[in-house]
Amino acid sequence: AQSVTQLGSHVSVSEGALVLLRCNYSSSVPPYLFWYVQYPNQGLQLLLKYTTGATLVKGINGFEAEFKKSETSFHLTKPSAHMSDAAEYFCAPPLNTGNQFYFGTGTSLTVIP
Amino acid sequence: GAVVSQHPSRVICKSGTSVKIECRSLDFQATTMFWYRQFPKKSLMLMATSNEGSKATYEQGVEKDKFLINHASLTLSTLTVTSAHPEDSSFYICSARDARLADEQFFGPGTRLTVL
Numbered sequence: 001a002q003s004v005t006q007l008g009s010h011v012s013v014s015e016g017a018l019v020l021l022r023c024n025y026s027s028s029v030p031p032y033l034f035w036y037v038q039y040p041n042q043g044l045q046l047l048l049k050y051t052t053g054a055t056l057v058k059g060i061n062g063f064e065a066e067f068k069k070s071e072t073s074f075h076l077t078k079p080s081a082h083m084s085d086a087a088e089y090f091c092a093p094p095l096n097t098g099n100q101f102y103f104g105t106g107t108s109l110t111v112i113p
Numbered sequence: 001g002a003v004v005s006q007h008p009s010r011v012i013c014k015s016g017t018s019v020k021i022e023c024r025s026l027d028f029q030a031t032t033m034f035w036y037r038q039f040p041k042k043s044l045m046l047m048a049t050s051n052e053g054s055k056a057t058y059e060q061g062v063e064k065d066k067f068l069i070n071h072a073s074l075t076l077s078t079l080t081v082t083s084a085h086p087e088d089s090s091f092y093i094c095s096a097r098d099a100r101l102a103d104e105q106f107f108g109p110g111t112r113l114t115v116l
């Protein structure tokens, strides 16, 4: 069963515009969440993760995400999109004791020049 | 940081042959490794979980005899696609779990398998 849901399989933004990629998690998911980026024909690279502490997490390449328990959300944002941000983005829960790991369905980000 | 490699990065084979894909954790011991399959424009599908020294646990719908997984050491897991067919063509990604960072997995760069 999916424990995270990504709304919007495709998002297009203009270069320089705000990037917002949505992720909601089920209440059964422990409060550890990850965002990964996948460039074409490559593996997954960790963008950022929330484990404990500050709910606003900053990652690589200018991305950040805020863990909101009240909304069960962990949306990924970037103030200004760059052409190099075009990729597939996956939200993911942590590994649980059953060693099952279910990614979100992914959001393909297109950056329009 | 934790680095995971996969070999080969790309392989083309004839239908009916078997292909072995290696996944290695280069700078850490991976108690658990995962194998994923990714279809075009789709998310990653977890195929199986392998723990060092024990049999792999396969997800529902994944054929155990078709996709043989061996995790013989703490740094190496292999996936063998037996009697490959064109429908097995896909992007296969492995990941490894570092025992020291229990909640995170580190991904290999993937292997593109094309079966002719």
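Protein chains in written order, with this note's numbering: chain A, 1 to 113; chain B, 1 to 116.
A virtual CB, placed ideally from N, CA and C, is assigned to each residue, including glycine.
For residue i, the residue or residues it bridges with in DSSP
i: Asn51(B); result: Thr32(B)
i: Thr124(B); result: With chain B covering only 1 through 116, there is no way to say anything about residue 124(B).
i: Asn61(A); result: According to DSSP, Asn61(A) bridges with nothing at all.
i: Tyr89(A); result: Val37(A) and Thr107(A)
i: Thr17(B); result: Partner(s): none; Thr17(B) has no beta bridge.
i: Thr111(B); result: Tyr92(B)
Beta-carbon proximity of residue i to residue j, cut-off 7 angstroms
i: Lys20(B); j: Leu116(B); result: no
i: Ala17(A); j: Ala87(A); result: no
i: Leu74(B); j: Glu104(B); result: no
i: Gln38(B); j: Phe91(B); result: yes
i: Gly106(A); j: Cys23(A); result: no
i: Leu48(A); j: Gly59(A); result: yes
i: Glu15(A); j: Pro93(A); result: no
i: Val13(A); j: Val19(A); result: yes
i: Ser77(B); j: Met45(B); result: no
i: Val67(A); j: Tyr89(A); result: Position check: residue 67(A) holds Phe in this sequence, whereas Val was assumed. Taking 7 angstroms as the Cβ cut-off, Phe67(A) and Tyr89(A) do not qualify as a contacting pair.
Coarse secondary structure for residue i, derived from DSSP in three states
i: Asp98(B); result: strand
i: Asn24(A); result: strand
i: Glu66(A); result: strand
i: Glu22(B); result: strand
i: Asn41(A); result: coil
i: Ser80(A); result: coil
i: Pro8(B); result: coil
Contacts that residue i makes with chain D (C-beta to C-beta distance below 8 angstroms)
i: Phe90(A); result: Note that chain D does not occur in the displayed structure, where the protein chains are A and B.
Which residues of the stretch 66 to 99 of chain B have a Cβ closer than 9 angstroms to any Cβ of chain A? Give them in chain order.
Phe91, Ile93, Cys94, Ser95 and Arg97
Chain B contacts made by the stretch 40 to 72 of chain A, where a contact means CB separation under 8 angstroms:
Asn41, Gln42, Gly43, Leu44, Gln45, Leu46, Lys49 and Thr51
Listed from N- to C-terminal order along the chain, which residues in the stretch 5 to 29 of chain B have their beta-carbon within a distance smaller than 8 angstroms of any beta-carbon of chain A?
Gln6
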